[in-house]
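Everything in the sequence shown is counted per the numbering used here, starting at 516 for the first residue and increasing by one.
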Amino acid sequence: MKPRFIISGGGTGGHIFPAVAIANALKAKHPDAEFLFVGALGKMEMEKVPKAGYAIEGLPVAGFHRGAIWKNLGFPIKLLKSMLKAKKIVKSFEPHAAIGTGGFASGPILKAAGSARVPTFVQEQNAFPGVTNRLLSKTAKKVFTAYPNMESFFPGVSIADLGNPIRKELFDGQLNRAEAIKHFGLNPEKKTILAIGGSLGAQSMNNALAMGVQKLIELDIQLIWQCGKHGEEMAKQSAEKYPEHIVATPFISEMAVAYSAADLVLSRAGAIAVSEIAALGKPSILIPFPHAAGDHQTKNAEAMVKDNAARMVADAQASEELILEALQLLQDGESLRQIGQMAMQKGKPNAADAIASTILQNLSL
516 MKPRFIISGG GTGGHIFPAV AIANALKAKH PDAEFLFVGA LGKMEMEKVP
566 KAGYAIEGLP VAGFHRGAIW KNLGFPIKLL KSMLKAKKIV KSFEPHAAIG
616 TGGFASGPIL KAAGSARVPT FVQEQNAFPG VTNRLLSKTA KKVFTAYPNM
666 ESFFPGVSIA DLGNPIRKEL FDGQLNRAEA IKHFGLNPEK KTILAIGGSL
716 GAQSMNNALA MGVQKLIELD IQLIWQCGKH GEEMAKQSAE KYPEHIVATP
766 FISEMAVAYS AADLVLSRAG AIAVSEIAAL GKPSILIPFP HAAGDHQTKN
816 AEAMVKDNAA RMVADAQASE ELILEALQLL QDGESLRQIG QMAMQKGKPN
866 AADAIASTIL QNLSL
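Below, the structure written as structure tokens:
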């Protein structure tokens, strides 16, 4: 029997990357399997998923605005249209399973699949689950989490703590440290920081780096600065002054090489970023985005910090503390080594394969 899977995850890379990773792992086990992704029209999954080699259908669903209530006038109509289209997709595709990794479209398509008695599976990336995944979990065959002790969020549900699926290319594209640093035109003899602020950029991180550049230069420390499009002008001005020490770019396509070059990573605490850092055993300082739903980035970071697998600097204190904390760590080789070692112990590089195996074990194929 040729298995068929509906997979839904989108809105951000944090939902899309796990969804694609799970699909790839299932495909590796069942090369003849058929896949259909379901996303939200106008969101990034409509572009990213086809680039990964998978077909995708779009739903007109949109998120609920908690701040500006007037923006929700069209919400009920979009939701109803999405539910009707989701039912048609399930009926037409006849999946053996539906898998949701979060995002606007996950709700309607997993609800429609469950109503059609299709086994559903939920993958929750964060230490603090979103509302949609908590609701979908009630009828799910299995919930996959990235953190232990999540029973209070998913009472009475079968849970498997298998970690977050991460991009296989992060491992396939690894270089040794010296080669990776040379790739960026920097000096392998010098300590190197990798700062990751996301595709749009993290303002607090960018401000802290711009203010602290002189301190880095004085101590002969290099910086690979992924500044995002909103921080490009500020970062490029710093890089132009010190081209031998700083590489600034809005986006890094070869993240495996960037991680390979890093002695220390500065990053937001999104679930996938944290999982990648852990799986690669990288020492890091996490700066949680303070406006994330349920403050889940802080909870992601705290789960690492409590086991000495990372350090954390609050967003509001980044300007004063981030560079000082980074310099202190880089000058303390033993602490740097211990943090990287503890991070690797928490990492789960084979999460996608483990999730795919568990899904197949729970199906009658």
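Just so you know, even glycine gets a beta-carbon here, dropped at the ideal spot from N, CA and C.
- Listed in chain order, the non-local C-beta contacts of Lys706 below 6 Å within the same chain comprise Ile736, Asp778, Leu845, local neighbours out to five positions each way being set aside.
- Within the model, the alpha-carbon separation for Phe766 versus Val789 is close to 18 Å.
- Val564 sits away from Pro623, with the two beta carbons spaced by 8 Å or more.
- Under the three-pair Cβ rule at 8 Å, the region 680-698 does not count as touching the region 715-729.
- It is roughly 31 Å from the alpha-carbon of Phe669 to the alpha-carbon of Pro798.
- Taking one beta carbon from each stretch, the region 859-877 and the region 646-662 have 3 or more pairs nearer than 8 Å; the two touch.
- Here DSSP, grouped into helix, strand and coil, assigns Glu572 to strand.
- For Ala867, no beta strand (DSSP E) run applies; the uninterrupted alpha helix (DSSP H) run containing it begins and ends at 866-876, by DSSP.
- Within the same chain, Ala771, Ser775 come within 7 Å of Gln689 by CB-CB distance, once the 5 residues on both sides are set aside.
- For a cut-off of 8 Å, the C-beta gap from Asn721 to Ala750 is around 6 Å, short enough to register as a contact.
- Taken in chain order, the whole alpha helix (DSSP H) runs of length 4 or more contained in the region 803-853 are 811-820, 833-845.
- Separation of the CB atoms of Ile800 and Leu842 is rounded to 11 Å, and the pair is thereby denied contact status at 8 Å.
- DSSP places Gly529 outside any beta strand (DSSP E); the residue lies instead in the alpha helix (DSSP H), whose first and last residues are 528-544.
- Between the alpha carbons of Leu599 and Gly557 lies a gap of roughly 19 Å.
- CA-CA distance, Gln860 to Ile681, rounds to 16 Å.
- By the beta-carbon neighbour count (other beta carbons within 10 angstroms, threshold 16), Lys626 is buried.
- Collapsing the DSSP output to three states places Ser673 in coil.
- Per DSSP, Val646 lies in no beta strand (DSSP E) segment; the continuous alpha helix (DSSP H) that holds it begins and ends at 646-652.
- Separation of Val762 and Ser768 (C-alpha to C-alpha, rounded to the nearest whole angstrom) is 14 Å.
- Judged by beta-carbon spacing, Gly529 lies within the 8 Å limit of Gly785, meaning their Cβ atoms are closer than that value.
- In the DSSP annotation of this structure, Glu562 is not part of any beta strand (DSSP E); the continuous alpha helix (DSSP H) holding it starts and ends at 560-566.
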